[in-house]
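Trainee:
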Amino acid sequence: YTLKRAAKEEDISMDLARKYLENYYNLPKDVKKFVKRKDSGSVVKKIQEMQKFLGLEVTGKLDSDTLDVISKPRCGVPDVGHFS
Amino acid sequence: TFPGTPKWRKTHLTYRIVNYTPDLPRDAVDSAIERALKVWEEVTPLTFSRMYEGEADIMISFAVGEHGDFYSFDGPGESLAHAYPPGPGFYGDVHFDDDENWTEDASGTNLFIVAAHELGHSLGLSHSDNTEALMYPLYKSTDLVHFRLSQDDVDGIQSLYGPPPASSDDTQVPMESVPPRPGTPAKCDPALSFDAVSTLRGEVLFFKDRYLWRRTQWNLEPEFHLISTFWPSLPSYLDAAYEVNRKDTVFIFKGNQFWAVRGSEVQAGYPRSIHTLGFPPTIRKIDAALSDKDKKKTYFFVEDKYWRFDENCQSMEQGFPRLIADDFPGVEPKVDAAFQAFGFFYFFSGSSQFEFDPNARMVTQISKSNSWLQC
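Protein chains in written order, with my numbering: chain W, 14 to 97; chain R, 2 to 376.
#1: Determine which residues of the segment 70 to 85 of chain W have a Cβ less than 8 Å from any Cβ of chain R, and write them out in chain order.
#2: Taking only runs of the beta strand (DSSP E) that begin and end inside the segment 215 to 269 of chain R, which ones reach a length of at least 3 residues, in chain order?
#3: Taking only three categories from DSSP, how would you classify R:V115?
#4: With DSSP as the reference, label R:K297 as helix, strand or coil.
#5: Give the range of the alpha helix (DSSP H) segment to which W:V93 is assigned.
#6: Against W:R31, what residues of chain R qualify as contacts under a CB-to-CB distance less than 8 Å, listed in chain order?
#7: Taking DSSP as the reference, what is the three-state secondary structure of W:F66?
#8: Based on the DSSP output, what are the partners of R:D358 in its beta bridges?
#9: Would you check if the distance between the CB atom of R:S50 and the CB atom of R:N20 is smaller than 8 Å?
#10: For R:T48, I'd like the list of residues in its chain whose CB is within less than 7 Å of its CB, leaving aside the five on either flank, ordered along the chain.
#11: In the DSSP assignment, find the alpha helix (DSSP H) that holds R:V30 and state where it starts and stops.
#12: Say whether the segment 91 to 107 of chain R touches the segment 56 to 70 of chain R, bearing in mind that this needs 3 or more beta-carbon pairs closer than 8 Å, one atom from each stretch.
#13: Can you check whether the C-beta of W:D92 is within less than 8 Å of a C-beta belonging to chain R?
#14: At a Cβ threshold of 8 Å, is W:G68 touching chain R?
#15: Whose C-beta lies closer than 6 Å to the C-beta of R:F355 among residues of the same chain, with five residues either side of it excluded?
#16: What does DSSP give as the partner residue(s) for R:Q341 in the beta ladder?
#17: Mind listing the chain W neighbours of R:D106? Cutoff is C-beta to C-beta under 7 Å, in chain order.
#18: Would you say R:D196 lies against chain W (beta-carbon separation less than 8 Å)?
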């Protein structure tokens, strides 16, 4: 049960981060690829870009500080690029 | 700014509040939007007028979920609002997520703060990575009473539209009736006056409106900053300031209140009422203050009189107030600002500065107020 819950929490975090990067950092919308590629270069790069912009420690990982910040209320305008 | 640096090609813009949130009375929404526009109006040549029907440059609306622009809102929390950069049609428009709990204070999502941020987008500012900036993307409940744009916001918007036209109104008026005086003061304006002057750890700070010039001994060219850059919670349009060296503290006055700052930290327990210093209740503000570091006395100037405060006893001295003209002959009776340096008292009155020798009890030099600013 504990393992399953931990796995579920990780999925929620991944989903939150995926949506955040898609909405505000122009990450291409592709759920399955994101989950598979969560350690791949392009996703790590996007996470780093987000962390740098928001003044977080740049780890490239979805650490607790990063997850905390991306769950905070914010403006819906993308941080990089522009409305498509 | 946004890619391509979109900006309005005119300085007078129209806005329309298309609908209202049920969370707030209509006049509270109107007021929040007006205040938010004023934030940008004060630092640019832009002006705004309201339309009640038809297409305005900035159309402001509240909506939930999908609302016709392919950028759906997402229920309570997360995305609070969005706005489009300058341009025709939907460009320039502001949308607020009505699933938020909009409030006038910080108990929910403060409409004024979010509106000021979104209107920054409407005028052409993108997000800032400066965490102090209004244009930083994350919502934070700011001290609403002392809300100020950061230097980053001001630099950003002025890179698009320039500063506001200079103001010629330098009249000191009580706190309650201070009108918004737009304009970035020019240090070499021959009519320049100061709100307050104080030393700070060997430097001299010249306060004017929302700004200060910082003159250091190692750099003759003064630095120019927003007061909020150093002390975000302090008001602007100050009345007086002075430093007590042995406490490493600068006391800053506005209206009937004063603050104590040490370096960039505003000290706990402030603001306090000026009446705790021993002023009679009839005194509602002071014009200038000067700390005589040698004698450990502080002089407070109010209209044509002055009081003297004993820093050792921490009390106002007996026999005051006295007339400025009696004890500082040659100095204009209405003092805007004052400070002590090199054994002299420097008094500022309008665009004039009086160098006063306290030992000889005479004015030794009269010059322009901005003579300290390399003009």
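We put the beta carbon where it would ideally sit given N, CA and C, even for glycine.
Mentor: Let's see:
#1: Cβ contacts with chain R come from V82, S84 and K85.
#2: DSSP runs (the beta strand (DSSP E)) wholly in the segment 215 to 269 of chain R: 220 to 227, 241 to 245, 250 to 255 and 258 to 263.
#3: Reduced to three states, the DSSP call for R:V115 is helix.
#4: When DSSP states are grouped into helix, strand and coil, R:K297 belongs to the coil group.
#5: For W:V93, there is no enclosing alpha helix (DSSP H), as DSSP marks it with neither H nor E.
#6: The premise fails here: W:R31 is roughly 14 Å from chain R at the closest Cβ pair, so nothing lies under 8 Å.
#7: W:F66: helix per DSSP, three-state reduction.
#8: In the DSSP assignment, R:D358 is bridged to R:M363.
#9: R:N20 is positioned such that its CB atom lies no closer than 8 Å to that of R:S50.
#10: The answer, listed in chain order, is T12, H13 and E42.
#11: Looking at the DSSP string, the run of the alpha helix (DSSP H) that includes R:V30 is R27 to E42.
#12: With a cut-off of 8 Å, the segment 56 to 70 of chain R and the segment 91 to 107 of chain R count as touching, because enough Cβ pairs lie within range.
#13: Yes - at least one Cβ of chain R is within 8 Å of the one on W:D92.
#14: W:G68 counts as touching chain R.
#15: Excluding its 5 nearest sequence neighbours in each direction, R:F355 has C-beta neighbours in its own chain below 6 Å: V332, F348, V364 and I367, listed in chain order.
#16: DSSP output for R:Q341 lists R:F346 as bridge partner(s).
#17: Correct list: empty, because the minimum Cβ distance to chain W is about 16 Å.
#18: With 8 Å as the cut-off, R:D196 does not count as an interface residue toward chain W.
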